[in-house]
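Residue numbers (the numbering used here), protein chains in the order written: chain B, 101 to 446; chain P, 45 to 361; chain Z, 20 to 370.
Don't be surprised by glycine CBs; every beta carbon is placed ideally from N, CA and C.
All of these numbers come straight from a predicted model, not from anything done at the bench.
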Amino acid sequence: MAERLLEVEDLEVSFATEDGLVRAVDGVTFTLDRGEVVAIVGESGSGKSVTVMTLMGLTRSPNSRFGGAVWLGDEDLIGATEQELESVRGNRIAMIFQDPISSLSPVQRVGAQIVEQIRAHEEISKAAALERAINLMERVGIPRARDRARAYPHEFSGGMRQRVMIAMALSLSPGVLIADEPTTALDVTIQAQILREIKQLSAESDSGVLFVTHDLGVVADIADRVLVMYAGQLVEQGTVDEIFHDPQHPYTWGLLGSVTRVDREPPRRLPAIGGQPPSLINPLPGCRFRPRCPHAFDRCQDLPAFGPRLPEDPGHLDRCWLEPSDKRVVRDVGGRIGLPARTVIT
Amino acid sequence: MLRFVVRRGISAILLLFAVSIVVFAIFEVIPNYNPAQAIAGRNATPTTVAEVSRKFGFDKPVYVQYLDTMKLIFTGQVIDYQDNLNVVGQFQQRFGVTVSLVVPAAIFWLLAAIALGSVSALRIGGTLVDRGVMAAAILGVSVPVFLLAAVLLYLFAFKLAWFPNTGYTPFLQDPTQWAYHLILPWFAIAVLSVGFYSRVLRSNLLDMVNQDFVRTAKAKGLPARQVFVKHVLRNSLLPIITMFGLDFATLLGGAALVTETVFNLPGVGQYEAAAIGNLDVPPILVGALFTAFFVVLFSALSDIVYAVLDPRIRLTG
Amino acid sequence: MADDLLPHQGAGGAEGIIVAPGERAADQWEAGRHPPAIGPWRLAARRLRRDKVTLAFFGLFLVLVVVCLLAPVYANHIAGISPNANNITGTIDVGGVQTSVVSPDGVPVGPTWGSHYLLGADENGRDLAVRLLYGGRTSLLIGAVATAIIIVFGTLVGLLTGYFRGIADMILRPVMELIWSFPVVILGVALGTALAFGGIGPIKGNSLFIPSLIIGVVYIPYLGKPIRAEVLRLRSQDFVEAAKVQGMAPWRIMISEILPNLTSTITVFVPMMLAYSILLESYLSFLGAGVQAPNASWGTLISDGLTYIQTTPTFSLIPGAMLVLTVLSINVVGDGVRDALDPRAQVRVRT
């Protein structure tokens, strides 16, 4: 049984803005074990980035409010002090961000940036830390690492910069590695390489990986388990096989249906989920996907509980009132999984 | 680096040349301006005026006058129209006073602006402190220096008699008196600049705090103070360096003329102000060149500092 | 087959509310009806409306402007004396006692707090309150004209040097840099003294237009340089490329593509330049290079009053206070406008 690294219980994150209270994350529960890669999928506005950034306390601000708990071992990070969080960040939980050009300090050499992180948590000489940094850079596949450590971020290509970020994140062998859309800003050709690095290195250091993305292709590539988020809530959770072959929530069907398959005849128009993401201020009662769901019925006026509905797959949770037998029927649109077209009424 | 120095040197010479021509030209263009008349005095007879004109060379063609004046300046022999004093000598004498006024005030205002801007942006002490500091800053930039100086003199020198009533004591003569006489003038100059710079710094800091690389620094687990000083503050100060270089240079050149005049400090600014009021060309010309020189020097220095601190910048001419 | 996956457009138009088949129209509110799109100006206006401090100071500014503009009304109907009328030998009734407006040894009467000589008299027997309001009118007028000059010509210069580059840039840019790096006060005083002496062209030396012109010219680079930088940034953007490819003439591109994007920068500069102009005018007038006698401005009033600062500080302090209050209000409003227009001021919630 792999060690449980992280346990998130009913996490709530809201921000007080001039327009009202934005409920960015509204009751999210999940776990992360050593050695597994958990993907968090959703569109912009779903709350996925806020969720993972809150794990490290990066969303704390004068107008933020938190609820629930984040257990790292036996410490609740939600209630932790800044000092306690400072010793956790980079050390036990590390993060790779989306845009490496803006995420690295432009005025510091990359070697020095990695050294800075190491020395913030370990009593170690600059020289020793630099040696370690160079080793890490070699491990992530940066050629001539010793010379390149003296270079500045703007002297690297996008893929190389992201490798630097990975090296930096892994420098203290953190138990939890969070990757927030690390390949979104990179060329597709580099994406595959970076994904490979992440999967390989995290396996080597036996970390658990939380991978935030909106790209299902990436999910299929590296994830063990998948969390699907919508409007600040989890709507489906399961292994990658369960999600791709037996998805239980209409939103997931929509996501899967909107992936254009190379091995099939291309559609005349690109499929999309109709409608807009909902406002996170004063969320509507009932199921939040209801306005965009072609299968909504009267029971959807009540918010479905997030739980297991398939006796044979207790780890597969979803938030939909439809009967599983009905689901298997309605989700088939023209031979593949997706959402049917709907009429627009003005 | 050598190329930088050479290129800057050349553009400095060109600039000084341009400045001298422009200033000279302005006075040729002014209608009804007859310097000979001004020197000779209101009641002088036409013969006296003509004599003065010949003596000072006003009857010669413009470009000859220009060359003669420039020669006099560079040999240190040029004389002002009003009091017949050696202009370069006057500048040399008075520069020490201006330095005494400007340098301590500048150091103070820079440090104070960094402190206040930081406290404000970080909301140390809550939003109330932030608003208070910003309110004071906005007030600081809304008060003209001469008014502030007058009020300070009235309150602290006249009514409360805590400070002396204008004048200057050289440092070598009596350091305590030197400082004592300068405290109010230092304050007068500093208030305006502290207000301005702390607002700019606060704005830069607030922008910087939201930058992605600052978030990364936090995510690395660096202590908050290190994140602030090494990443946020350092990057926010960069644009201020250029501004400070220019302000400092112009103050050394005599931009503090109002303060010097009101507090009766015999610095270069006071001399330039009097010269301008009397349309006395030689000091104005020398003053313009003097200021331009410092501007070039300090802009080159601040460019160098900027390039050292921000490796994305390569020094160009 | 693949078409089944697509939403169809209904007859009503492009932006409909999406409702599942079978739901009643009344359920549309549950369908996530969203507020209409709100552009940056309306957003700014909304933010400004909530900004009490800025609104309060704007009100203060309006009051000051109106009061100063009503100077003639005050002079004619309340004080009964014009601003430049000397009255050295006159007497007035102060609390029942007949007092000289200017005493035999040259000391003018202090504030009477009555309708005549409300704030006292100056050494020529002129009514200070009247001069305060007229002076305010002058200062505000010069500030406004100077600001207009700055906005018009600063934008023009910025556009020309930023968009066309080439010759315009080669000539205008060094000129701008030169003016910009010279201390404002020195430049202003030099020009002010020179032009006050002889006037310029048909304009006489003591016309109010001269200080306005000088202040305007001196500050043009302060707007010109940022506008130039903005224009440089905008002209490399794709929408300008698109316009060029469409065959739009350069002038049209400048006016219809670039200029609208400059409006928020210009809007932020207006109050800033107004504050700077009014302040610079006070400096110039204080040093005798601005408004000339017999006209008054707050700067001249402060300067005149300084001789009596030890006996009657109000002579300087009251115009000083008016000046500071006015500039302060403009600065606060300017800050408020800038914050309201700032696109980054939104709470950033990235999900």
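Contact set between residue i and chain Z, taken where Cβ atoms lie within less than 8 Å
i	result
Tyr-198 (chain P)	Ile-328, Gln-329, Pro-332
Glu-316 (chain P)	Ile-205
Within chain Z, the residues that residue i reaches when beta carbons sit closer than 7 Å
i	result
Ile-320 (chain P)	Val-208, Ala-209, Thr-212
Val-173 (chain P)	Under the 7 Å cutoff, chain Z gives no residues; its nearest Cβ is about 16 Å from Val-173 (chain P).
Cross-chain neighbours of residue i in chain P, by beta carbon under 7 Å
i	result
Asn-105 (chain Z)	Simply none; closest approach about 24 Å.
Val-351 (chain Z)	Ile-182
Phe-305 (chain Z)	Phe-190
Leu-325 (chain Z)	Ala-194
Ser-226 (chain Z)	Correct list: empty, because the minimum Cβ distance to chain P is about 14 Å.
Secondary structure of residue i, DSSP reduced to three states
i	result
Tyr-238 (chain Z)	helix
Glu-304 (chain B)	helix
Ser-119 (chain Z)	strand
Ile-198 (chain Z)	helix
Glu-175 (chain B)	strand
Asn-130 (chain P)	strand
Ser-379 (chain B)	coil
Leu-353 (chain P)	helix
Glu-342 (chain B)	helix
Phe-183 (chain Z)	helix
Phe-447 (chain B)	With chain B covering only 101 through 446, there is no way to say anything about residue 447 (chain B).
Ile-140 (chain B)	strand
Ala-56 (chain P)	helix
Ile-224 (chain B)	coil
Arg-259 (chain P)	helix
Arg-123 (chain B)	strand
Arg-364 (chain B)	coil
Ala-205 (chain P)	coil
Of the residues the options, the one placed nearest residue i, counting alpha carbons only
i	options	result
Asp-291 (chain P)	Z:Ser-200, Z:Ala-163, Z:Ile-100, Z:Val-116	Z:Ser-200
Leu-228 (chain P)	P:Tyr-241, P:Asp-218, P:Ser-247, P:Ala-205	P:Ala-205
Ile-234 (chain B)	B:Ile-218, B:Val-430, B:Glu-222	B:Ile-218
Gln-270 (chain P)	B:Arg-388, B:Gln-183, B:Leu-380	B:Gln-183
His-395 (chain B)	B:Ser-202, B:Trp-353, B:Leu-384	B:Trp-353
Gly-321 (chain P)	Z:Ala-213, Z:Val-310, Z:Gly-243, Z:Thr-180	Z:Ala-213
Lys-148 (chain B)	B:Glu-304, B:Phe-389, B:Asp-176, B:Glu-112	B:Glu-112
Ser-202 (chain B)	B:Gly-135, B:Gly-127, B:Val-264	B:Val-264
is_contact[residue i, chain P] using C-beta, thresh 8 Å
i	result
Ala-220 (chain B)	yes
Glu-231 (chain B)	no
His-314 (chain B)	no
Tyr-238 (chain Z)	no
Leu-298 (chain Z)	yes
Pro-202 (chain Z)	yes
Cutoff 8 Å: residue i Cβ touching any chain B Cβ
i	result
Ile-348 (chain P)	no
Ala-351 (chain P)	no
Arg-20 (chain P)	With chain P covering only 45 through 361, there is no way to say anything about residue 20 (chain P).
Thr-286 (chain P)	no
Arg-259 (chain P)	yes
CB contact check: residue i to chain Z, cutoff 8 Å
i	result
Phe-190 (chain P)	yes
Gln-136 (chain P)	no
Phe-143 (chain P)	A small correction: the amino acid at residue 143 (chain P) is Val; Phe does not occupy that position in the sequence shown. No, its Cβ sits nowhere closer than 8 Å to a Cβ of chain Z.
Closer than 8 Å at the beta carbon, the chain P residues around residue i
i	result
Phe-77 (chain Z)	Chain P residues near Phe-77 (chain Z): none, gap ~14 Å exceeds 8 Å.
Pro-427 (chain Z)	Absent from the structure is residue 427 (chain Z), since the part of chain Z shown begins at 20 and ends at 370.
Under 9 Å by beta carbon: chain B residues contacting residue i
i	result
Asn-279 (chain P)	Ser-205, Pro-206, Val-207
Contacts of residue i in chain B (Cβ-Cβ under 8 Å)
i	result
Ala-263 (chain P)	Met-156, Leu-158, Arg-189, Gly-190, Ala-194, Met-195, Phe-197
Ala-268 (chain P)	Glu-182, Glu-186
Supposed close pair residue i, residue j - CB separation, criterion 8 Å
i	j	result
Pro-338 (chain Z)	Trp-317 (chain Z)	5 Å
Val-141 (chain B)	Val-326 (chain B)	6 Å
Pro-326 (chain P)	Tyr-125 (chain P)	7 Å
Asn-164 (chain P)	Ser-242 (chain P)	The sequence shown places Ser at residue 164 (chain P), rather than the Asn named in the question. The pair is a contact, with the Cβ atoms about 7 Å apart (cut-off 8 Å).
Interface residues of chain B facing residue i [CB-CB closer than 7 Å]
i	result
Asp-256 (chain P)	Phe-197, Asp-199, Ser-202, Ser-203
His-16 (chain P)	Lying outside 45 to 361, the shown extent of chain P, residue 16 (chain P) is not represented and no answer is given.
Chain P contact residues for residue i, given Cβ-Cβ distances below 9 Å
i	result
Tyr-252 (chain B)	Pro-355, Arg-356
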